[in-house]
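Protein chains: 2
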Amino acid sequence: MTTRTAAQRRAEVRKSCLERVAACPTNRLLDRMGDKWVGIVIKFLGDGPLRYGELRRSIPAASQKMLTETLRRLERDGLVSRTVVPGAPVGVDYALTPLGRTLLPVLAVVTGWAEENIARIEHAQEEYDARPR
Amino acid sequence: MTTRTAAQRRAEVRKSCLERVAACPTNRLLDRMGDKWVGIVIKFLGDGPLRYGELRRSIPAASQKMLTETLRRLERDGLVSRTVVPGAPVGVDYALTPLGRTLLPVLAVVTGWAEENIARIEHAQEEYDARPR
DNA sequence: CGGTATCCCAACCGATACTG
DNA sequence: CAGTATCGGTTGGGATACCG
Chain A
16 MTTRTAAQRR AEVRKSCLER VAACPTNRLL DRMGDKWVGI VIKFLGDGPL
66 RYGELRRSIP AASQKMLTET LRRLERDGLV SRTVVPGAPV GVDYALTPLG
116 RTLLPVLAVV TGWAEENIAR IEHAQEEYDA RPR
Chain B
16 MTTRTAAQRR AEVRKSCLER VAACPTNRLL DRMGDKWVGI VIKFLGDGPL
66 RYGELRRSIP AASQKMLTET LRRLERDGLV SRTVVPGAPV GVDYALTPLG
116 RTLLPVLAVV TGWAEENIAR IEHAQEEYDA RPR
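Here the protein sequences line up with chains A and B, keeping their order.
Our numbering numbers the first residue of the first sequence as 16 and each following residue consecutively.
Our numbering numbers the first residue of the second sequence as 16 and each following residue consecutively.
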C-alpha cells in the first residue's frame, strides 16, 4: 500500500526539496562564498600566491584554525593550491588555481554591486529600525 | 604611556582587522547572500510577487521560522517589500524592490559560474577525498 | 614555520505550540 | 492566512595548548 498520512507526505516533500536545494550549484557556491573568511582569502590570493604566514599576517582577525579550515575547503574544491616549499624551515605556498582565478570576475561583480549599493542598504536599515514598532 | 605588551598589540590589530572585515560591503553582501534561504527566496521572487503561503509551498524545506526571518532581513535591507493585502482572511505579498531587482543580474552571474563549474568542483573533491591520507 | 587537537560558547536552525 | 514564542539539538568559530 502507498497509503501515507498527510504528515508523512509533507515530510517527504520537505526532504526532497531540501535535497534539491543542497544539490543546487548556485546554493552550493553561495554557501561556500558565504563562509566567513572565504571572500577575503580569495581576494588576497587574487593578487598572487602567499605563504601561510603571510596570509595569517594579512588577516589577523582570522584564527589559525579558521584560516586553515578555510584553505582546506578551498583546496578540496579545487579553487586553491597548496604547495610545500622544501627548506629549513619548510614553507607552504597558497595560490588560486586556474579554476579559482575564474572566480575573480564573479567576485568583482559582487564587489561592484556591494560598493555601489551599500549606502542604499544602510539607509533602508535605518528606516526599518526607526519605524514605529 | 603608550607601552603595551606584544599580546595587547596583537589583540588590537586583530580587532581593527575584524572591524574592517565586518564593515566591508563585499563581505556584508556575501554574508547575506550566503544565508541558507536567501538565494532561493530571491530566485522565486525574481519571477514576480508571491504571497507568504505561496513562498512556503514553493520552499517547503524552509521552516516557517526561517522563511519569516529571511524575509524580514531582506525587507530590512530594502531588498524585499512586504505588503499587507486587506481582506478576509488577510494576505501578505512579498516582492523584490527596485533595489532587490538590481541584484538579479549579480545572482545570474553567480548561477552561471556555478552551473558551468560545478562538475570541476565535484571532480576536485573526489580527487581530494581519494588522495592518500 | 605550519600546522593539530581540544575545549567551549554563541549563533543558527528546526519542531512544535500558540495567536490575531 | 500569516505569523510569534519557546525549546533544544546542531554547527560555526574562537582560545589555548601542543607537535613535526
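By construction, the Cβ of each residue, glycine as well, lies at the ideal position given by its N, Cα and C atoms.
Sequence-distant residues of the same chain with beta carbon closer than 8 Å to residue i, five excluded per side
i              : result
G93 of chain B : T112, L114, G115
R71 of chain A : A77, Q79, L82
K58 of chain B : L122
Buried or exposed by the 16-neighbour rule on C-beta atoms within 10 Å, applied to residue i
i               : result
G54 of chain B  : buried
G49 of chain B  : buried
T126 of chain A : buried
A22 of chain A  : exposed
V121 of chain B : buried
P40 of chain A  : buried
R24 of chain B  : exposed
R47 of chain A  : buried
Per-residue DSSP class, three states only, for residue i
i               : result
V99 of chain A  : strand
A77 of chain A  : coil
G54 of chain A  : helix
D92 of chain A  : coil
D144 of chain B : helix
V125 of chain A : helix
D108 of chain B : strand
When the options are compared against residue i, the one with the closest alpha-carbon
i               : options                      : result
A38 of chain B  : A:A139, A:V100, A:A129       : A:A129
Y67 of chain A  : A:L60, A:I57, A:A145, A:V107 : A:V107
L65 of chain A  : A:D46, A:Q140, A:P104, A:L86 : A:L86
E90 of chain A  : B:R47, B:E27, B:E141, B:L33  : B:E141
A139 of chain B : A:V105, A:E34, A:S96, A:A26  : A:S96
Residues near residue i by beta carbon distance below 6 Å, same chain, minus five either side
i              : result
G61 of chain B : L119
T98 of chain A : D108
V56 of chain A : T85
Cβ-based contacts, 9 Å cut-off: residues of the stretch 110-127 of chain A near chain B: T112, L114, T117, L118, P120, V121, L122, V124, V125, T126, G127: these are the residues of the stretch 110-127 of chain A whose beta carbon lies less than 9 Å from some beta carbon of chain B, given in chain order.
What residues in the stretch 48-67 of chain A have a beta carbon less than 9 Å from any beta carbon of chain B? M48, G49, D50, K51, W52, V53, G54, I55, K58
Residues within the stretch 89-104 of chain B neighbouring chain A, beta-carbon criterion of under 9 Å: E90, R91, D92, G93, L94
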